[in-house]
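S.K.: Input: one structure, supplied below.
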Amino acid sequence: MDRIYLDNNATTIVDPRVKEAMEPFFCQQYGNPNSLHGFGTEVHPAMRLAMDRLYAGIGAGNADDIIVTSCACEGNNHVLKGVYFDLVRSGPKSEILTTQVEHPCVRNTCAFLESLGAKVIYMPVNADGVVDGETLRRFIHPDRTALVSVMWANNETGLIFPVRELGEICRENSVLFHSDAVQAIGKIPVDVNRVPVDFLTFSAHKFHGPKGVGGLFIRKGLKLTPLIHGGEQMGGRRAGTVNVPYFVGMGLAMEMAVDNLAYEDRAVRRLRDRLEDAILAIPDTLVVGERERRTPNTILASFRGIEGEAMIWDLNANGVAASTGSACASESLEPNPTFAAMCISDELAHTSIRFSLSRFSTEEEIDQAAAVIRRSAQRLRAISSTYKNSK
Ligand code: PLP
């Protein structure tokens, strides 16, 4: 049985062309780019090309900086902790604004900064599941706010935030703006020319690049205390020998992600909608958030009366990989903060499943997955007392 992968918001398959482009940098061109000899200098052109591809991919200008990181968690930590050291620890600002629905790497870093004395405000989301301009205006203050950190698109729901409007409000107030664009790159246009972000983070493994490499964009002229001190790599902004093969792979993956945006918007969206229609045709199901407000690949669905984890097991046993919209942040029994912020009921939170597609998803897979999901829902409801009692 061929397995069907519908968990692309967790990670994506590495595009074979990306893998091929990385290959020479393991055993042939393996020099340290900081070495002065030929082994070192011969990797420079590939690194320059990779960097150019990253700049072009997000519309950055020559004077901006892009730092190659080990992942988006690192990039997000770097921005939040850097701004804390630069503007909050000894003043002149005191507050960081973020949302109640950020990825744990933002949320938990903010909690850490609170333990050091920073004030963090977690802005609520509106009825559409995003933080709007009106809400930001209520909380932002030019004298107090050091940074606003709002994701471009949510990992669980796919809901897209009005980052352009939020960035403009930050500009008006002379406040730094950071966006975690991990779930947006390769799905919707991400252009730092159109959206006034000061810092932007991304991660290659979410757009068919390798795991363990990401990027942090820093708007020209901005200072940011490093997270990793050491050598002068990345212009002294991030120490550590650059992971050349992964950097090369990320550059190509970025270029291909941007080249495929139109396909994503047309073909992936069509398949996503096809799957969503099939899910909604199953009685007592619902999907969180309007389609047009979501990234084109994501569905967060709820199947009344079926525990999400039970359904994941059943789907997995039948060859379909999805993920729970985790009612609890997996290991802990704490309620999922994103769902709590969206006022999603416990019942809905416990019965939700995230399906996320990619440009590698095929129509045949989607139709097979839809049939598996329908059968799984029937099977599990037949043994669910919660479902029977709800009828
Ligand atoms: N931010 C968002 C919105 C994510 O979805 C993820 C991964 O799921 C991350 C950050 C962390 O990315 P990485 O695995 O590169 O650290």
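Using this note's numbering, you'd call the opening residue of the sequence shown number 1160 and step up by one each time. Where a beta carbon is used, it is the ideal one built from N, C-alpha and C, also for glycine.
Thinking G1317 and G1448 are a contact (beta carbons under 8 Å), I'd like their distance in whole angstroms, please.
M.R.: For the purposes of this step, residue 1317 is identified with residue 158 of the sequence shown, where counting begins at 1. For the purposes of this step, residue 1448 is identified with residue 289 of the sequence shown, where counting begins at 1. Indeed, because the Cβ distance is near 7 Å, the residues count as touching under 8 Å.
S.K.: Is the stretch 1336 to 1353 close to the stretch 1468 to 1487, with three or more CB pairs under 8 Å?
M.R.: Segments in contact, no.
S.K.: Within the structure, which residues are defined as neighbours of the ligand MG by a Cβ-heavy atom distance below 6 Å, reported in chain order?
M.R.: Judged by which ligands are present, the ligand MG is missing from the structure shown, whose ligands are the ligand PLP.
S.K.: Given this structure, state the Cα-to-Cα distance separating A1500 from E1261, to the nearest angstrom.
M.R.: Here residue 1500 refers to the residue found at position 341 when the sequence shown is read from its first residue. Here residue 1261 refers to the residue found at position 102 when the sequence shown is read from its first residue. Rounded to the nearest angstrom, the two C-alpha atoms are 10 Å apart.
S.K.: Where does R1378 sit, in a helix, a strand or coil, going by DSSP?
M.R.: The residue given as residue 1378 occupies position 219 in the sequence shown. Three-state result, R1378: coil.
S.K.: Give a yes or no on whether the C-beta atoms belonging to L1434 and F1514 are separated by under 8 Å.
M.R.: Within the sequence shown, the letter at position 275 stands for residue 1434. Within the sequence shown, the letter at position 355 stands for residue 1514. Yes, they are a contact pair.
S.K.: Of all the beta strand (DSSP E) runs that stay within the bounds of the stretch 1353 to 1430, which reach a length of 3 or more residues?
M.R.: List check, beta strand (DSSP E) in window: 1358 to 1362, 1373 to 1377.
S.K.: DSSP state of A1219, grouped into three classes?
M.R.: Here residue 1219 refers to the residue found at position 60 of the sequence shown. If DSSP states are grouped into helix, strand and coil, A1219 belongs with coil.
S.K.: How is M1282 classed by DSSP in three states: helix, strand or coil?
M.R.: What you label residue 1282 is simply residue 123 of the sequence shown in a count that begins at 1. DSSP places M1282 in strand when its eight states are reduced to three.
S.K.: Would you decide whether S1520 is buried or exposed? Buried here means 16 or more other CB atoms lie within 10 Å of its CB.
M.R.: Along the sequence shown, read from residue 1 onward, the residue named residue 1520 stands at position 361. The residue in question, S1520, is buried, as its Cβ has 16 or more Cβ neighbours within 10 Å.
S.K.: Check each candidate in N1168, V1173, I1163, R1162 and name the one with the smallest Cα separation from G1408.
M.R.: Taking the first residue of the sequence shown as position 1, residue 1408 is located at position 249. Cα-wise, what sits closest to G1408 is V1173.
S.K.: Let's see if you can read the secondary structure: which residues bound the beta strand (DSSP E) around F1514?
M.R.: Walking along the sequence shown from the start, residue 1514 turns up at place 355. Looking at the DSSP string, the run of the beta strand (DSSP E) that includes F1514 is 1511 to 1515.
S.K.: Compute the beta-carbon to beta-carbon distance between P1369 and A1363, rounded to the nearest angstrom, for a pair I have assumed lies under 8 Å.
M.R.: Here residue 1369 refers to the residue found at position 210 when the sequence shown is read from its first residue. Here residue 1363 refers to the residue found at position 204 when the sequence shown is read from its first residue. Right, the Cβ-Cβ distance comes to about 6 Å (below 8 Å), so this counts as a contact.
S.K.: Please report the straight-line C-alpha distance between E1423 and S1535, rounded to a whole angstrom.
M.R.: Counting from 1 along the sequence shown, the entry for residue 1423 is found at position 264. Counting from 1 along the sequence shown, the entry for residue 1535 is found at position 376. Near 28 Å, if we compare the C-alpha coordinates of S1535 and E1423.
S.K.: Compare the beta carbon distance of E1254 and I1280 with 8 Å and say whether it is the shorter of the two.
M.R.: Position 95 of the sequence shown, counted from the start, is the residue given in the question as residue 1254. Position 121 of the sequence shown, counted from the start, is the residue given in the question as residue 1280. Result yes, Cβ atoms of E1254 and I1280 sit closer than 8 Å.
S.K.: Between R1307 and F1336, is the Cβ-Cβ spacing less than 8 Å?
M.R.: Counting from one through the sequence shown, the residue named residue 1307 turns up at place 148. Counting from one through the sequence shown, the residue named residue 1336 turns up at place 177. Correcting the residue type first, residue 1307 is Val in the shown sequence and not Arg. Yes, these two residues count as a Cβ contact at 8 Å.
S.K.: For the alpha helix (DSSP H) that D1473 lies in, which residues bound it at each end?
M.R.: For the purposes of this step, residue 1473 is taken as residue 314 along the sequence shown, with counting starting at 1. It spans 1467 to 1476 - the alpha helix (DSSP H) in which D1473 sits, taken as one unbroken run.
S.K.: Please report the distance separating the alpha-carbon of K1252 from that of N1267.
M.R.: The residue given as residue 1252 occupies position 93 in the sequence shown. The residue given as residue 1267 occupies position 108 in the sequence shown. Their backbone Cα atoms lie some 21 Å apart in a straight line.
S.K.: Among S1333, K1240, V1334, I1377, which residue has its Cα nearest to the Cα of N1352?
M.R.: Within the sequence shown, the letter at position 193 stands for residue 1352. The residue with the shortest Cα to Cα distance from N1352 is I1377.
S.K.: May I have the straight-line CA-CA distance separating A1460 from T1258, to the nearest angstrom?
M.R.: Translated into the one-based positions of the sequence shown, residue 1460 becomes position 301. Translated into the one-based positions of the sequence shown, residue 1258 becomes position 99. In a straight line, the C-alpha of A1460 is about 23 Å away from that of T1258.
S.K.: Nearest-angstrom Cα distance between K1547 and N1285?
M.R.: As a first step, residue 1547 is located in the sequence shown; it is residue number 388 there, counting from the start. As a first step, residue 1285 is located in the sequence shown; it is residue number 126 there, counting from the start. Cα to Cα, the separation comes out at about 33 Å.
S.K.: To the nearest angstrom, how far is it from the Cα of E1273 to the Cα of E1179?
M.R.: Within the sequence shown, residue 1273 is the residue found at index 114, counting from 1. Within the sequence shown, residue 1179 is the residue found at index 20, counting from 1. Cα-Cα distance, rounded: 44 Å.
S.K.: CB R1538 to CB D1473, shorter than 8 Å?
M.R.: In the sequence shown, the residue the question calls residue 1538 occupies position 379. In the sequence shown, the residue the question calls residue 1473 occupies position 314. Yes.
S.K.: Do we get a CB-CB distance below 8 Å when we pair A1499 with the residues of chain C?
M.R.: Chain labels in this structure do not include chain C; a single protein chain is all it has.
S.K.: Nearest by alpha-carbon distance to S1544: which of A1530, E1523, I1465 is it?
M.R.: Sequence index remark: in the sequence shown, residue 1544 carries index 385 (1-based). Comparing Cα-Cα distances from S1544 to each of A1530, E1523, I1465, the minimum goes to I1465.
S.K.: So what does DSSP say about E1523, is it helix, strand or coil?
M.R.: The residue labelled residue 1523 in the question sits at position 364 within the sequence shown. In this structure, E1523 counts as helix in the three-state DSSP scheme.
S.K.: What is the DSSP secondary structure of V1227, counted as helix, strand or coil?
M.R.: The residue given as residue 1227 occupies position 68 in the sequence shown. Of the three classes helix, strand and coil, the one that applies to V1227 here is strand, per DSSP.
S.K.: DSSP three-state label for I1532, please.
M.R.: Position 373 of the sequence shown, counted from the start, is the residue given in the question as residue 1532. In this structure, I1532 counts as helix in the three-state DSSP scheme.
S.K.: Grouping DSSP H, G and I as helix and E and B as strand, with all else coil, what is R1162?
M.R.: The sequence position of residue 1162 within the sequence shown is 3, counting from 1. It is coil, neither helix nor strand.
S.K.: Which value, in whole angstroms, describes the spacing of the CA atoms of K1379 and D1224?
M.R.: Counting from one through the sequence shown, the residue named residue 1379 turns up at place 220. Counting from one through the sequence shown, the residue named residue 1224 turns up at place 65. Rounded to the nearest angstrom, the two C-alpha atoms are 6 Å apart.
S.K.: Can you tell me which residues form a DSSP beta bridge with L1445?
M.R.: Indexing the sequence shown from 1 puts residue 1445 at position 286. In DSSP, L1445 forms a bridge with S1461.
S.K.: For H1337, which of helix, strand or coil comes out of DSSP?
M.R.: By one-based count along the sequence shown, residue 1337 stands at place 178. Strand, per DSSP.
S.K.: Nearest-angstrom Cα distance between P1557 and A1541?
M.R.: Any answer about residue 1557 is impossible in this case: the structure gives the chain only from 1160 up to 1550.
S.K.: Just checking my contact of M1393 with V1227 at CB under 8 Å: how many whole Å lie between their CB atoms?
M.R.: Residue 1393 sits at position 234 when you count from the first residue of the sequence shown. Residue 1227 sits at position 68 when you count from the first residue of the sequence shown. Contact flag correct, Cβ pair sits at about 7 Å.
S.K.: Using a Cβ-Cβ cutoff of less than 7 Å, which residues in the same chain neighbour P1321 once the five nearest sequence positions on both sides are dropped?
M.R.: Taking the first residue of the sequence shown as position 1, residue 1321 is located at position 162. Excluding sequence neighbours, P1321 sits near V1289, D1291, G1292.
S.K.: Could you give the first and the last residue of the continuous alpha helix (DSSP H) run that contains S1274?
M.R.: Within the sequence shown, numbered from 1, the residue matching residue 1274 stands at position 115. S1274 -> alpha helix (DSSP H) spans 1263 to 1274.
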